[in-house]
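Encoded as structure tokens, the structure appears first; notes follow it.
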Amino acid sequence: MVENKTYIQSFCTIQNNEIILEGASIFKLEPTLFSDFSKKAYQNFEMNYPKFFKMDSLSKLAFLGAELLLKNENSESKENNTALLFANNSSSLDTDVKYQNSISDPENYFPSPAVFVYTLPNICLGEISIRHQLKSENSFFIFETFNPVFMANYAKILLNSNKAEKVLCGWVEYYDEEYKAFLYLVAKEGNLEHKIETLLTEYNK
Numbered sequence: 001m002v003e004n005k006t007y008i009q010s011f012c013t014i015q016n017n018e019i020i021l022e023g024a025s026i027f028k029l030e031p032t033l034f035s036d037f038s039k040k041a042y043q044n045f046e047m048n049y050p051k052f053f054k055m056d057s058l059s060k061l062a063f064l065g066a067e068l069l070l071k072n073e074n075s076e077s078k079e080n081n082t083a084l085l086f087a088n089n090s091s092s093l094d095t096d097v098k099y100q101n102s103i104s105d106p107e108n109y110f111p112s113p114a115v116f117v118y119t120l121p122n123i124c125l126g127e128i129s130i131r132h133q134l135k136s137e138n139s140f141f142i143f144e145t146f147n148p149v150f151m152a153n154y155a156k157i158l159l160n161s162n163k164a165e166k167v168l169c170g171w172v173e174y175y176d177e178e179y180k181a182f183l184y185l186v187a188k189e190g191n192l193e194h195k196i197e198t199l200l201t202e203y204n205k
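Residue numbers (my numbering): 1 to 205.
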């Protein structure tokens, strides 16, 4: 059986207060907290989705990247059959720590449902799915480092088995103000072949 080729249609990286789309810097701020950076990025691209401000940092990071890559994918004529395949290293630990701090002191016991809802890493996939009305497959994996071999193979299986028309893949890591998002959209057609070497090159830029 001959394996069908797949292609990277678009990609972006978010780190160090900068957003790079298709290799070009499209938004950059002087060093600041992620909360400020994400707010200004949201405003700069006029995303118009008020629920963004209620999200945890991991979800905001994933949402920003997905918004840039999926904003032209929605179709009124058919369901957007785009799968989501994400991974990171620290899961939802940043939010987990914040929630734990809210319940660890018996004298100041203020558990927040608004924080608790984000104590699973795949919640960010739900936020993206709601925004873009995706009803296709989505998975969130935990790896020590970016795993392009696994991601590429999984995306190809989804496409070649017709479980998805496109796959938005992403490494989305956030913990204690250290963050990096590397997202890319894979499909059966395009100009840039979906290869492990290409993923590593773009990820490490």
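We put the CB at the ideal spot given by N, CA and C, even for glycine. Since the structure is predicted, the reported quantities are computational estimates derived from the model, not experimental observations.
Give a yes or no on contact between the region 174-185 and the region 87-96, applying the rule of three or more CB pairs nearer than 8 Å.
Result yes; three or more Cβ-Cβ pairs closer than 8 Å.
Can you give the Cα-Cα distance for E30 and Q15, rounded to whole angstroms?
If I take the Cα positions, the gap works out to 12 Å.
Helix, strand or coil for S92? Go by DSSP, reduced to three states.
If DSSP states are grouped into helix, strand and coil, S92 belongs with coil.
Going by C-alpha distance, which of S129, C124, H194, N81 is nearest F150?
Per the Cα distances, H194.
May I ask you to list the residues that DSSP assigns as paired with F11?
Partner(s): Y184.
Please state the DSSP three-state secondary structure of A87.
Note: A87 maps to strand in three-state DSSP.
Quick one: using the 10 Å Cβ neighbour count with 16 as the cut-off for buried, is A155 buried or exposed?
By the neighbour-count rule (16 or more Cβ atoms within 10 Å), A155 is buried.
Should N44 be flagged as near chain B, meaning a C-beta pair shorter than 9 Å?
No chain B is present in this structure, which holds just one protein chain.
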